[in-house]
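I have placed the structure first, in the form of structure tokens, so that the comments after it can refer back to it.
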Amino acid sequence: MWDSEIRAMASAHAIIASSVFMATVVPAVLVENFSVYRTHLVWLYSVCGAVAAVNVAVFGLLGVSPPAKKHTLHHKVSRLVKSCLHFLLSCLFFHAVVVLYGAPLLESTLETFSLSVLLSTLTTLRCLCVLGPNVQAWIRVFSRDGAMSVWDTSLQITAGCSVVGAWLGAFPIPLDWDRPWQVWPISCTLGATVGFLTGLVAAPVWIHWHRKQLTYKSK
Amino acid sequence: MKVSSSVFASLCLILELFGLALFLRGFFPVPIKSSFSSKSKLSDLPAEPLTGTSPNASKVPPALFKRVVVVLIDALREDFVFGPSGRKYMPYTRHLVERGSSHSFVARAKPPTVTMPRIKALTTGSIPGFIDVVMNLNSPVLLEDNLIWQAKAAGKKIIFYGDDTWVRLFPKHFMEHDGTTSFFVTDYTEVDNNVTRHLDSTLKRDDWDVLILHYLGLDHIGHISGPHSSLVGPKLVEMDDVLKKIHTSLISRESEGTLPNLLVLCADHGMSETGSHGGSSEPEINTPIVFISPAFKRKVAMETPPVVEQVDLAPTLALALGLPISQNSVGCVIPAVFEETSLREQLRFLHLNGFQLSCLLKDSIPTFQKEDGYEQFRVSEKSHGNWMKLYLEGNTSEVLVNMGRKVLKQYLEALKSMSSALSRQLGKYDMYSMVVGMSVCVCLQMLLLLLFAMPEALSNGAVVDLPLGSALLSLPFYLLCLLCAALHVFVCTSVGGSCYFCSLPWALVFTAVAFSCAFLCTLVSMAARRLSVGAKSPTKVSNWRLSELDVLLLLGTVGHTLSLASSSFVEEEHQTWYFLLNTLCLAVFQDVCRKYFREKKRLSQGEDEGPLLPSTKGDNAADDASTSFSPVAELGVSAGSEKWLALATPLLTLACCRLLRSLNQTGVQWAHLPDFSHWLNNGEHKTVLSLLAVASLALVFVLVQRRCSLVSKIALALGLLGVYSYRAAVGNILFPWQHTSRAPSKGTVEARFVYVFVLGILFSGAKDLLRSQVISSDVRLKSRGLWEVYSGLVLLAALLFRAHNLPVLAGLLLIQTLMAQFIWKRLHYDAAQTTIMHYWFGQAFFFFQGNSNNIATVDISVGFVGLESYVEAPAIFLTAFSTYAGPLLWACHLVCYLSSERDRSVVSLGHGCYCFALLRSIPAVAYVVLVTALRYHLFIWSVFSPKLLYEATHTLATAAACIFFTFMDQNQNLTRP
Ligand SMILES: [Zn+2]
Ligand SMILES: [Zn+2]
Numbered sequence: 001m002w003d004s005e006i007r008a009m010a011s012a013h014a015i016i017a018s019s020v021f022m023a024t025v026v027p028a029v030l031v032e033n034f035s036v037y038r039t040h041l042v043w044l045y046s047v048c049g050a051v052a053a054v055n056v057a058v059f060g061l062l063g064v065s066p067p068a069k070k071h072t073l074h075h076k077v078s079r080l081v082k083s084c085l086h087f088l089l090s091c092l093f094f095h096a097v098v099v100l101y102g103a104p105l106l107e108s109t110l111e112t113f114s115l116s117v118l119l120s121t122l123t124t125l126r127c128l129c130v131l132g133p134n135v136q137a138w139i140r141v142f143s144r145d146g147a148m149s150v151w152d153t154s155l156q157i158t159a160g161c162s163v164v165g166a167w168l169g170a171f172p173i174p175l176d177w178d179r180p181w182q183v184w185p186i187s188c189t190l191g192a193t194v195g196f197l198t199g200l201v202a203a204p205v206w207i208h209w210h211r212k213q214l215t216y217k218s219k
Numbered sequence: 001m002k003v004s005s006s007v008f009a010s011l012c013l014i015l016e017l018f019g020l021a022l023f024l025r026g027f028f029p030v031p032i033k034s035s036f037s038s039k040s041k042l043s044d045l046p047a048e049p050l051t052g053t054s055p056n057a058s059k060v061p062p063a064l065f066k067r068v069v070v071v072l073i074d075a076l077r078e079d080f081v082f083g084p085s086g087r088k089y090m091p092y093t094r095h096l097v098e099r100g101s102s103h104s105f106v107a108r109a110k111p112p113t114v115t116m117p118r119i120k121a122l123t124t125g126s127i128p129g130f131i132d133v134v135m136n137l138n139s140p141v142l143l144e145d146n147l148i149w150q151a152k153a154a155g156k157k158i159i160f161y162g163d164d165t166w167v168r169l170f171p172k173h174f175m176e177h178d179g180t181t182s183f184f185v186t187d188y189t190e191v192d193n194n195v196t197r198h199l200d201s202t203l204k205r206d207d208w209d210v211l212i213l214h215y216l217g218l219d220h221i222g223h224i225s226g227p228h229s230s231l232v233g234p235k236l237v238e239m240d241d242v243l244k245k246i247h248t249s250l251i252s253r254e255s256e257g258t259l260p261n262l263l264v265l266c267a268d269h270g271m272s273e274t275g276s277h278g279g280s281s282e283p284e285i286n287t288p289i290v291f292i293s294p295a296f297k298r299k300v301a302m303e304t305p306p307v308v309e310q311v312d313l314a315p316t317l318a319l320a321l322g323l324p325i326s327q328n329s330v331g332c333v334i335p336a337v338f339e340e341t342s343l344r345e346q347l348r349f350l351h352l353n354g355f356q357l358s359c360l361l362k363d364s365i366p367t368f369q370k371e372d373g374y375e376q377f378r379v380s381e382k383s384h385g386n387w388m389k390l391y392l393e394g395n396t397s398e399v400l401v402n403m404g405r406k407v408l409k410q411y412l413e414a415l416k417s418m419s420s421a422l423s424r425q426l427g428k429y430d431m432y433s434m435v436v437g438m439s440v441c442v443c444l445q446m447l448l449l450l451l452f453a454m455p456e457a458l459s460n461g462a463v464v465d466l467p468l469g470s471a472l473l474s475l476p477f478y479l480l481c482l483l484c485a486a487l488h489v490f491v492c493t494s495v496g497g498s499c500y501f502c503s504l505p506w507a508l509v510f511t512a513v514a515f516s517c518a519f520l521c522t523l524v525s526m527a528a529r530r531l532s533v534g535a536k537s538p539t540k541v542s543n544w545r546l547s548e549l550d551v552l553l554l555l556g557t558v559g560h561t562l563s564l565a566s567s568s569f570v571e572e573e574h575q576t577w578y579f580l581l582n583t584l585c586l587a588v589f590q591d592v593c594r595k596y597f598r599e600k601k602r603l604s605q606g607e608d609e610g611p612l613l614p615s616t617k618g619d620n621a622a623d624d625a626s627t628s629f630s631p632v633a634e635l636g637v638s639a640g641s642e643k644w645l646a647l648a649t650p651l652l653t654l655a656c657c658r659l660l661r662s663l664n665q666t667g668v669q670w671a672h673l674p675d676f677s678h679w680l681n682n683g684e685h686k687t688v689l690s691l692l693a694v695a696s697l698a699l700v701f702v703l704v705q706r707r708c709s710l711v712s713k714i715a716l717a718l719g720l721l722g723v724y725s726y727r728a729a730v731g732n733i734l735f736p737w738q739h740t741s742r743a744p745s746k747g748t749v750e751a752r753f754v755y756v757f758v759l760g761i762l763f764s765g766a767k768d769l770l771r772s773q774v775i776s777s778d779v780r781l782k783s784r785g786l787w788e789v790y791s792g793l794v795l796l797a798a799l800l801f802r803a804h805n806l807p808v809l810a811g812l813l814l815i816q817t818l819m820a821q822f823i824w825k826r827l828h829y830d831a832a833q834t835t836i837m838h839y840w841f842g843q844a845f846f847f848f849q850g851n852s853n854n855i856a857t858v859d860i861s862v863g864f865v866g867l868e869s870y871v872e873a874p875a876i877f878l879t880a881f882s883t884y885a886g887p888l889l890w891a892c893h894l895v896c897y898l899s900s901e902r903d904r905s906v907v908s909l910g911h912g913c914y915c916f917a918l919l920r921s922i923p924a925v926a927y928v929v930l931v932t933a934l935r936y937h938l939f940i941w942s943v944f945s946p947k948l949l950y951e952a953t954h955t956l957a958t959a960a961a962c963i964f965f966t967f968m969d970q971n972q973n974l975t976r977p
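Here you go:
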């Protein structure tokens with residue numbers, strides 16, 4: 001049971017990771033003047049879209065998401081609306097945090113907001129896919145030792161890696177190298193993406209490595 | 001020998017300070033000087049080659065100009081004259097530059113681009129050492145050979161109007177002077193009117209030879225609102241008018257039979273894009289020099305002005321006035337100025353300059369014969385002799401002219417290479433002093449001692465066992481002493497007299513050697529003991545787990561230390577601290593959430609979530625404490641509101657920090673961005689600034705008065721009122737009840753009024769402290785005493801802070817109150833964690849105040865608050881206190897907080913002191929090592945050296961705080977049950 005779950009996770013993560021690569025490569029072939037640095041926001045939203053679509057598809061197919069209690073249309077719609085609301089709120093939350101970290105308040109708001117959209121996609125959206133719009137469950141997963149399945153652990157790892165990646169990505173900004181990737185918010189978005197990819201790779205490996213120590217309380 | 005951790009920490013810090021001082025002495029090269037107070041004499045000058053022994057041969061050529069007017073405009077950037085704004089605002093000067101009989105140059109000033117070193121460079125022609133910046137405050141008499149002294153010795157009458165730095169540098173040199181103090185930076189009209197009002201009468205008179213005018217207004221405008229402000233244009237127009245007046249009335253007036261007059265327009269330094277100066281950016285170091293005299297050929301069109309060094313002005317002016325060149329000048333004459341003289345005179349000028357430079361080279365570089373320039377000079381002197389021979393024979397052919405030109409070129413090359421060899425000499429370090437100061441002896445040892453003692457110092461006893469006695473009696477100690485002494489003798493005899501450490505008295509050196517050897521032996525034995533303990537009980541390490549917060553605090557400290565290796569991170573250090581502080585607040589927020597939500601969950605959801613929770617226990621100290629110590633029981637009814645306040649505190653802190661951060665832009669890369677303080681100081685927003693000041697002062701009063709006695713409360717309120725009226729008197733903010741605008745005064749009375757209350761509060765606090773120690777061991781009395789000392793310091797800071805910085809003070813107190821009330825107490829952070837947080841906050845507030853790692857941001861006007869004139873000791877103390885007010889107030893709060901925690905173990909003060917010393921030592925020592933490694937880095941003088949001075953001063957401030965800690969801790973030891 002363990003191995004199969006880890007294998008499923010590894011393949012799911014591989015698909016998500018490849019979607020990030022596709023989102024970078026495909027527009028470069030199709031769209032003219034596409035570049036990660038110069039048309040950064042286009043790249044950013046293409047990555048966001050790809051990751052979101054693939055996440056929803058993969059987790060929908062795998063059936064990891066908590067089963068809805070009622071299969072009525074009304075319930076589904078309310079779930080969807082709630083998810084969208086949560087996503088928007090998390091965007092605003094990340095935006096506020098980034099501004100607190102010193103991003104300009106009035107200028108380059110679009111860039112800052114795009115960064116928070118990316119962060120939300122990499123963290124909140126996965127939570128929504130795995131746990132549903134259930135804040136109690138989120139708090140449980142992200143409090144210490146709150147994981148109850150391999151998916152929870154992977155969620156912890158990928159979300160943590162993305163945020164830490166964005167955090168680390170802010171370090172090169174003060175350097176006076178005048179490189180194109182030092183422009184706000186490119187280094188942070190790149191950091192977040194690289195962190196996310198690292199998390200995708202690290203999660204199955206870490207779980208595999210620690211599978212003896214990991215004992216989840218049954219649901 | 002057993003000592004308590006606080007004593008141990010203070011001792012280590014003080015010894016480290018000695019090491020740092022020695023290091024600084026070795027690091028900052030002493031300016032090259034042939035001999036300090038001797039002056040060039042006319043009789044020392046070499047004879048013109050091959051003129052034989054005729055009595056006139058060794059004379060300086062006669063002066064080329066009758067009178068010289070030097071107009072020095074402080075912070076005049078090169079583009080204010082030669083750029084588009086010169087065309088717009090200085091039309092007359094620009095016309096002279098383009099079409100008049102003039103010579104224009106761009107003169108490059110050497111950093112530090114601060115007024116006094118620059119004046120020294122302009123008058124002596126030498127490059128003042130970096131350390132002169134520190135001496136900028138107390139400008140003593142310039143003893144070095146200089147142009148002014150030479151002019152006076154030659155009987156020239158000098159008149160000076162302007163910055164009184166000159167008057168202090170050259171007392172009794174001027175026939176007439178009127179100095180204006182440059183420390184009321186907000187005034188930019190009065191300082192210049194003070195100079196210009198003398199101009200008309202002086203220009204009419206005939207009894208002077210040299211007139212020096214130093215205009216300060218432009219510099220003050222730069223400091224207030226930057227180079228692009230609307231005030232700059234009118235000021236440049238005013239300066240243009242001054243130049244026009246001088247030119248029309250003196251220079252262009254041809255007087256038959258006498259020598260022409262000369263007008264020199266120059267600047268001491270430029271102005272950066274933010275309007276400050278001190279660094280080495282292009283706009284700061286490029287200044288204009290314009291020589292205007294009817295003696296020069298008329299220009300036909302604008303040419304790009306050639307680049308010269310600022311130090312070149314001194315020899316040029318000296319020769320133009322017929323004076324000997326100052327001994328320590330490293331400049332070479334500007335040949336264009338002498339173009340109109342005969343070839344023989346030109347060669348003679350270059351010969352004199354070359355001779356002076358070669359003498360200086362001989363004195364300052366032992367291997368001077370190997371220098372290219374010296375050899376070139378010898379060769380050109382010889383060809384000069386040949387030329388003279390032909391010339392004296394009466395040869396006037398074309399060949400002679402061509403040959404003369406060749407000799408001229410040879411001379412110029414020789415001068416250039418000698419000059420650059422001398423400038424290079426400045427980059428030499430006294431490595432032995434540095435190494436002794438840095439590694440072998442003091443700093444590293446102290447750091448290692450601190451590190452090795454960590455487990456003991458942070459133990460429950462807070463007592464460190466120093467095996468000093470056994471070390472002193474051991475054989476290795478004596479052997480080591482002998483070895484070190486032998487090494488010292490060997491190094492000193494081989495290096496020669498250029499080493500500071502060697503020039504110290506022998507007894508002192510050997511005491512130092514004995515001390516350091518003793519510490520080394522102690523260190524080794526401590527390390528051995530630590531290792532054996534570690535080997536015996538390896539299990540102790542494994543169950544020592546860190547919480548996320550600890551990890552963050554450790555990583556932050558290490559990361560910050562490492563970041564100092566990069567010049568950008570040194571320039572933008574505030575970014576590092578803001579970033580870390582933000583992360584810290586978020587981590588604290590997460591801790592608070594974990595604590596309160598878990599409680600809530602357990603209360604509301606009861607048993608069904610139960611099994612999940614116990615497994616999370618025992619992970620960190622905070623959790624342990626929170627479970628063993630029910631907050632509900634402790635807080636009683638108000639648990640709910642407490643909880644929300646505790647949750648809001650980190651968020652409020654975050655918001656507060658974000659606001660304070662946009663108050664002052666510092667650093668280098670983003671310093672030019674408009675910030676809130678510029679907006680407030682704009683003049684149009686005086687009402688807002690006044691309201692903000694009132695609100696901040698009120699908040700300060702509300703937050704500070706809680707724990708003071710009634711008398712102190714009243715004193716504090718009156719003091720804060722005094723602060724407001726001082727600011728209003730100085731003209732920063734508005735008096736609500738006085739609508740007629742008064743002329744800004746110095747506000748001396750108001751400031752002294754506040755000083756009285758500061759001293760009163762400090763005195764009553766000190767009295768309480770003493771009473772608590774001597775008479776009764778009353779903890780409450782002591783706590784109140786501490787708090788009163790603290791509030792006295794807050795009042796002093798409120799007086800010294802500029803009006804726009806008062807919100808920083810209010811924010812500081814607000815954060816301290818909230819964090820102490822809801823976070824540090826409730827979450828039971830231990831002394832070490834609290835200390836690190838205090839240190840981080842202190843660092844961030846240092847930058848919130850608008851400080852940076854650049855000398856230019858030190859607000860020296862603070863040294864004059866409440867003083868009629870410059871008095872050295874209080875000025876230095878006040879400047880240092882206001883610069884380090886943030887870190888010092890946080891340190892002081894730490895003392896108050898730790899000693900008021902009675903339910904805690906009594907050793908927390910010792911732990912706090914130890915951590916504080918360690919936190920300061922790590923970056924300071926690491927930085928000293930880094931700077932030694934990077935001493936040939938491109939930015940060593942512009943970025944790393946100022947930071948080194950800041951690190952040293954900060955360590956000094958921390959040492960003072962630690963001694964205060966120790967004193968309080970000793971108190972506690974006495975009252976300990
Ligand atoms: Zn100046
Ligand atoms: Zn200035």
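Here the protein sequences come in this chain order: A and B.
Take the first sequence: its letters are residues 1 to 219, numbered as in UniProt numbering.
Take the second sequence: its letters are residues 1 to 977, numbered as in UniProt numbering.
Glycine included, every Cβ here is placed at the ideal spot set by N, Cα and C.
These numbers come from a predicted model, not from an experiment.
Minimum C-alpha distance to residue i - residue among the options
i: Q849 (chain B); options: B:A856, B:F877, B:L806, B:T834; result: B:L806
i: residue 990 (chain B); options: B:T817, B:L169, B:A797; result: Because chain B spans 1 through 977 in this model, residue 990 (chain B) falls outside it and cannot be assessed.
Per-residue contacts from residue i into chain A (C-beta, under 7 Å)
i: E572 (chain B); result: P174
Burial state of residue i (16 or more Cβ within 10 Å)
i: P27 (chain A); result: buried
i: K540 (chain B); result: Annotation note: pLDDT 47 at K540 (chain B) (below 50); position unreliable, no value reported.
i: N261 (chain B); result: buried
Proximity test, Cβ basis, 7 Å: residue i and chain A
i: Q575 (chain B); result: yes
i: S542 (chain B); result: Here S542 (chain B) scores only 44 on pLDDT, less than 50, and its place in the model should not be relied on; the value that follows carries that caveat. So, not an interface residue.
i: Y726 (chain B); result: no
i: G606 (chain B); result: Any answer about G606 (chain B) is weak, because its pLDDT of 38 lies below 50 and its placement is not dependable; what the coordinates show is given next. Closer than 7 Å: no.
i: L654 (chain B); result: yes
i: N582 (chain B); result: yes
Min CB distance residue i to chain B below 7 Å
i: G160 (chain A); result: no
i: L100 (chain A); result: yes
Residue i: contacting residues in chain B (beta-carbon distance under 8 Å)
i: A170 (chain A); result: F579
Chain-ordered chain A contacts of residue i [CB-CB under 9 Å]
i: S568 (chain B); result: P174, L175, D176, W177
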